[in-house]
Amino acid sequence: MSATCEAMLKAFNNAVHSIYLISEGISSDSAREMLRDNIVKTRLSSKAPIPIHVVSLFCHNNDTETFLQSIAQTADG
Numbered sequence: 084m085s086a087t088c089e090a091m092l093k094a095f096n097n098a099v100h101s102i103y104l105i106s107e108g109i110s111s112d113s114a115r116e117m118l119r120d121n122i123v124k125t126r127l128s129s130k131a132p133i134p135i136h137v138v139s140l141f142c143h144n145n146d147t148e149t150f151l152q153s154i155a156q157t158a159d160g
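The opening position of the sequence shown corresponds to residue 84 in my numbering, with each subsequent residue numbered one higher.
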C-alpha cells in the first residue's frame, strides 16, 4: 500500500468535511488501482461521502494527470 493510499484511508476514518490530495509526481499503476478502489469502497459505505479535491504540482505525465482528474470527478472534488 502506498503512503498516499494510507493517508487517504486515515483521512476517511476521521471526521473531516473534505480531503485535499496534493501530488507532485508519478504514481505506480498498482497504487492507483488500490487508491481508486478504496475511494469507491469508502464512498459507497459512507452516509455522507467526503469530497476529494486534487492539486497537482509540476506533473508532466498525462496518465497521472488523467488519473488525478478521475479521482476528483469520482469524489465530487
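Just so you know, even glycine gets a beta-carbon here, dropped at the ideal spot from N, CA and C.
Determine, using beta carbons only, whether Ile122 and Ser101 come nearer to each other than 8 Å.
Stepping through the sequence shown from its first residue, residue 122 is reached at position 39. Stepping through the sequence shown from its first residue, residue 101 is reached at position 18. Contact flag unset, no.
Would you list the one or two residues that DSSP bridges to Ile154?
Position 71 of the sequence shown, counted from the first residue, corresponds to residue 154. Its beta-bridge partners do not exist; DSSP assigns none.
Reference Ile109; option with closest CA among Thr125, Gln156, Ser85 and Phe95:
For the purposes of this step, residue 109 is taken as the residue at position 26 of the sequence shown. Of Thr125, Gln156, Ser85 and Phe95, the residue nearest in Cα terms is Ser85.
Assigned secondary structure, Ser139 (DSSP; H/G/I helix, E/B strand, else coil)
Translated into positions along the sequence shown, residue 139 becomes position 56. In the structure shown, Ser139 sits in a strand (DSSP, three-state: E or B).
Which first and last residues belong to the alpha helix (DSSP H) in which Lys93 is found?
Locating residue 93 in the sequence shown gives position 10, where the first residue counts as 1. That run of the alpha helix (DSSP H) goes Ala86 to Asn96.
I'd like the list of long-range same chain contacts for Ser106, defined as Cβ closer than 8 Å, with 5 residues on each side in sequence excluded.
Within the sequence shown, the letter at position 23 stands for residue 106. Taken in chain order, the residues that qualify are Thr87, Val137, Val138, Ser139, Leu140, Cys142, Thr147 and Leu151.
Using beta-carbon positions only, say whether Ala158 and Arg115 come within less than 8 Å of one another.
Here residue 158 is taken as the residue at index 75 of the sequence shown, counted from 1. Here residue 115 is taken as the residue at index 32 of the sequence shown, counted from 1. Contact check for Ala158 against Arg115 fails: the beta carbons are separated by 8 Å or more.
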